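For what it's worth, the UniProt record's numbering labels the leading residue of the sequence shown as 1, then goes sequentially. See structure below.
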Amino acid sequence: MDRRKSLQQFVERAKRSLNIEKSLPRLQYGLLLAVVVYTAILFISRLFVFPYYSNVALWSSIGVVLVTIGYIWWRRVKYQEALTRLDSFYPHNELVTALSLKDESNPLVNAILQNAQKASEDSFTNFKQRKKRLLKPKALIAILFMFLITGVLYIFPSPTQQEAVAIEKENEVIDELKEEVAELEKKTANEEMKQQLKELQNKLKEVDQVEEALREVVKKQKELKLQEQKLQDKKDLVGKGQGAEGLTAEEEERLKGLLELQSALAESAGATQTALSKLGKSISFDLQNAIAQESSSNSSSESNGDKSQGDNDNQSGSSGQQSNGQSSQGNGNNDGGSNGSDGQGTNGSQGQGNGSGQGNGQGSGSGQGQGNGGGSGGQGSGSGGNGAGLGQGNRNLLSIPERVGENGEVVVDGGPLGEGTPIGEQEGPVPVTKGTIRPYEEVIGQYKDRYMESSERMQLPKDLQSIVQSYFSSIESE
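So, in structure tokens, the structure goes:
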């Protein structure tokens, strides 16, 4: 082998040894710094709510280690430094001289190379046996101590850390809900419904609480419900023979898509609510009711129109013989309607009559009845009464309560409330005023105006105001 290459191999071996010797202490200090950063972030997370503090601490520590590795590579031992360090172990420092001379034809250069090669084995052995400090005891003890502190901090978390973990899990639930909505948007073929789901996705990106996300989902369900209601009403009118045209194929497909989309959103909302309950979190009562109502509405196959039913059974009969007197009795029972779409009521009436004869009669009927009598006297007859009974009636008439107090504009005092003591409290029945029976068509307009005024006073969002407006528009169109 060429003598110059042999000397260069000894230099490369010395370079590797020097790099290991310098890298290990630096790596130990880098690990110590990483553990200190990790522990410091854990301490900070105990002072205030710091979501994802464990992830931040972990990635910060990894970052410190990577920076340390980069620093070690940047400050690595170069060839010239290794050559100088190894040359110091040669008897006459002939290594640098031998490798610096290029003219091997010169006898002096050959002699120097030959002497350097002979001294290389012993010189490199002395180089390896030099005193080294690969381990830093203080750094290792500090690392062990910081690991113990970190373990104690994890075993005994603070309330702020527990709250931060709960927030992390809630964010995971929100992310799952966003993913489900995104999957629905990909599966939906209708462009209009795709656009609505994209709007829902954009709103979900803006919220940072699960309850707000659920409210957005329920709100979108209600909007889809109104669209489905209009198409269903149109279909029902055609079925009753009141509509001129039925649903087109596109409208039928849209109606089917709306039902499927509502069902999917209801399942997502229910799954999110279940996940929250497992975390020990509860949502507001009104939101729970809204989710339950939407779920039950989508799972049932009942029609959305109001039904009215009235059963009237009449029985009449008469028999008798002539007599100088007559007696009759009638009992009446009628199934009528009550005020409202689902009302029930019962009423009964009786009529009795006695004559100066030998005959008597008894009649029974539902609604109006005629009696039948038996005897050797005159002919008996009876009549029942009219009354309200069990049944689901229409909503053509409403009972409107009258205003209590004087008429006039209501003045709302928005000032702060003072403190006082209660005067008294009454339990049990309280005096009420009887309402006025008015047609439904005359009242719906007043209710609409009052709802719109109240929504303006409460400063509802524009989307909720549009839902209220659409609701009354759909009612007025019936």
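Positions of the beta carbon are idealized from the N, C-alpha and C atoms, including for glycine. Since the model is a prediction, treat every value here as computed from it, not as a measurement.
What's the C-alpha gap between arginine 3 and proline 107?
By 1-based counting over the sequence shown, the position of residue 3 is 3. By 1-based counting over the sequence shown, the position of residue 107 is 107. Going from the Cα of arginine 3 to the Cα of proline 107 covers about 14 Å.
Out of Leu31, Val65, Lys186 and Lys281, point me to the one whose CA is closest to isoleucine 141's CA.
Along the sequence shown, read from residue 1 onward, the residue named residue 141 stands at position 141. For isoleucine 141, the nearest C-alpha among the options comes from Leu31.
Taking its Cβ as the centre, do 16 or more other Cβ atoms sit within 10 Å of glutamine 379, making it buried, or is it exposed?
Locating residue 379 in the sequence shown gives position 379, counting from the first residue. Any answer about glutamine 379 is weak, because its pLDDT of 42 lies below 50 and its placement is not dependable; what the coordinates show is given next. It is buried - the Cβ of glutamine 379 has at least 16 other Cβ atoms within 10 Å.
Segment limits, alpha helix (DSSP H) that includes tyrosine 38:
Counting from 1 along the sequence shown, the entry for residue 38 is found at position 38. First-last of the alpha helix (DSSP H) with tyrosine 38: 3 to 45.
Could you tell me the distance, in whole angstroms, from the CA atom of glycine 70 to the CA atom of arginine 26?
Counted from its first residue, the sequence shown places residue 70 at position 70. Counted from its first residue, the sequence shown places residue 26 at position 26. Those two C-alpha atoms are separated by around 11 Å.
Taking just the CA atoms, how far does valine 468 sit from lysine 448?
Taking the first residue of the sequence shown as position 1, residue 448 is located at position 448. Taking the first residue of the sequence shown as position 1, residue 468 is located at position 468. Using only the alpha carbons, I get a separation of about 9 Å.
Take arginine 85 and list the residues in its own chain whose beta-carbon comes closer than 7 Å to its own, dropping the five residues that flank it on each side.
Locating residue 85 in the sequence shown gives position 85, counting from the first residue. Contacts found: Ala14 and Leu18.
Taking C-alpha atoms, which residue in Leu134, Thr272 and Val96 lies nearest to glutamine 117?
Locating residue 117 in the sequence shown gives position 117, counting from the first residue. Comparing Cα positions, the closest option is Val96.
Same chain only: Cβ atoms within 8 Å of leucine 200, ignoring 5 sequence neighbours per side
Translated into positions along the sequence shown, residue 200 becomes position 200. Excluding positions up to five away in sequence, the list reads Val181, Glu216, Val217 and Lys220.
The alpha helix (DSSP H) enclosing valine 152, as first and last residue numbers:
Locating residue 152 in the sequence shown gives position 152, counting from the first residue. Taken as a continuous stretch (DSSP letters only), the alpha helix (DSSP H) holding valine 152 covers 137 to 155.
What residue range is occupied by the uninterrupted alpha helix (DSSP H) comprising leucine 101?
To locate residue 101, count along the sequence shown from 1; it is residue 101. Segment: none, leucine 101 is in no alpha helix (DSSP H) and carries neither H nor E.
Nearest to leucine 214 by CA position, among Asn289, Met193, Gln161 and Ser473, is which residue?
Locating residue 214 in the sequence shown gives position 214, where the first residue counts as 1. Nearest C-alpha to leucine 214: Asn289.
Taking the continuous alpha helix (DSSP H) assigned at glutamine 201, which residues delimit it?
In the sequence shown, residue 201 corresponds to position 201, counting from 1. That run of the alpha helix (DSSP H) goes 191 to 206.
Cβ atoms of leucine 7 and alanine 111: under 8 Å apart, would you say?
For the purposes of this step, residue 111 is taken as the residue at position 111 of the sequence shown. For the purposes of this step, residue 7 is taken as the residue at position 7 of the sequence shown. No, they are not a contact pair.
Sufficient close CB pairs (3 or more, under 8 Å) joining the segment 225 to 234 to the segment 138 to 156
no
Assign valine 210 to buried or exposed, taking buried as 16 or more other Cβ atoms, counted over all protein chains shown, within 10 Å of its Cβ.
The residue given as residue 210 occupies position 210 in the sequence shown. Buried.
DSSP three-state call for lysine 225: helix, strand or coil?
Numbered from 1 along the sequence shown, position 225 holds the residue referred to as residue 225. Lysine 225: helix per DSSP, three-state reduction.
Taking C-beta to C-beta, are threonine 272 and isoleucine 149 nearer than 8 Å?
Taking the sequence shown and counting its residues from 1, one reaches residue 272 at position 272. Taking the sequence shown and counting its residues from 1, one reaches residue 149 at position 149. No, these two residues do not count as a Cβ contact at 8 Å.
Along the alpha helix (DSSP H) that carries isoleucine 72, what are the first and last residues, could you check?
As a position in the sequence shown, residue 72 is number 72, starting the count at 1. From DSSP, the alpha helix (DSSP H) with isoleucine 72 extends over 53 to 74.
Between valine 11 and alanine 119, which are expected to be in contact by the criterion C-beta below 8 Å, what is the C-beta distance as a whole number of angstroms?
Position 11 of the sequence shown holds residue 11. Position 119 of the sequence shown holds residue 119. In fact, because the Cβ distance is near 14 Å, the residues do not count as touching under 8 Å.
Please report the residue range of the alpha helix (DSSP H) in which tyrosine 90 lies.
Against the sequence shown, residue 90 aligns to sequence position 90. Here tyrosine 90 belongs to no alpha helix (DSSP H), and DSSP marks it neither H nor E.
Leucine 265 lies in the alpha helix (DSSP H); which residues open and close that run?
For the purposes of this step, residue 265 is identified with residue 265 of the sequence shown, where counting begins at 1. 249 to 278 is the extent of the alpha helix (DSSP H) around leucine 265.
Counting beta carbon pairs with one atom in the segment 45 to 58 and one in the segment 158 to 167, are three or more of them shorter than 8 Å?
yes
Tell me the DSSP secondary structure of asparagine 126 in three-state form.
The residue labelled residue 126 in the question sits at position 126 within the sequence shown. Helix.
Report all residues from its chain with a CB closer than 7 Å to the CB of valine 207; omit the five preceding and five following residues, and keep chain order.
Counting from 1 along the sequence shown, the entry for residue 207 is found at position 207. The residues are Ala213 and Glu216.
Isoleucine 62 classed as buried or exposed, judged by whether at least 16 other C-beta atoms fall within 10 angstroms
Reading the sequence shown from its first residue, position 62 is the one you call residue 62. Classification of isoleucine 62: exposed, given that the 10 Å Cβ count is below 16.
Determine the DSSP secondary structure at lysine 281, reduced to helix, strand or coil.
Indexing the sequence shown from 1 puts residue 281 at position 281. Coil.
Less than 8 Å separating the beta-carbons of phenylalanine 48 and threonine 160?
Indexing the sequence shown from 1 puts residue 48 at position 48. Indexing the sequence shown from 1 puts residue 160 at position 160. Result yes, Cβ atoms of phenylalanine 48 and threonine 160 sit closer than 8 Å.
Sequence-distant residues of the same chain with beta carbon closer than 6 Å to phenylalanine 472, five excluded per side
In the sequence shown, residue 472 corresponds to position 472, counting from 1. Lys448.
Between which two residues does the alpha helix (DSSP H) holding residue 493 run?
Outside the modelled stretch of the chain, which goes from 1 to 478, sits residue 493, for which no answer is possible.
Judging by CA-CA distance, which residue of Glu170, Phe127, Ser23 and Val77 is the nearest neighbour of serine 282?
The residue given as residue 282 occupies position 282 in the sequence shown. Closest option to serine 282, Cα to Cα, is Glu170.
In three-state terms, what does DSSP make of phenylalanine 472?
Taking the first residue of the sequence shown as position 1, residue 472 is located at position 472. Helix at phenylalanine 472.
When you compare each of Lys78, Arg46, Arg76 and Val35 to leucine 58 by their alpha carbons, which one comes out closest?
To locate residue 58, count along the sequence shown from 1; it is residue 58. Among Lys78, Arg46, Arg76 and Val35, the Cα nearest to that of leucine 58 is on Val35.
Among Glu253, Arg450 and Asp103, which one has its Cα closest to the Cα of glutamate 191?
As a first step, residue 191 must be located in the sequence shown, where it is residue number 191. Among Glu253, Arg450 and Asp103, the Cα nearest to that of glutamate 191 belongs to Glu253.
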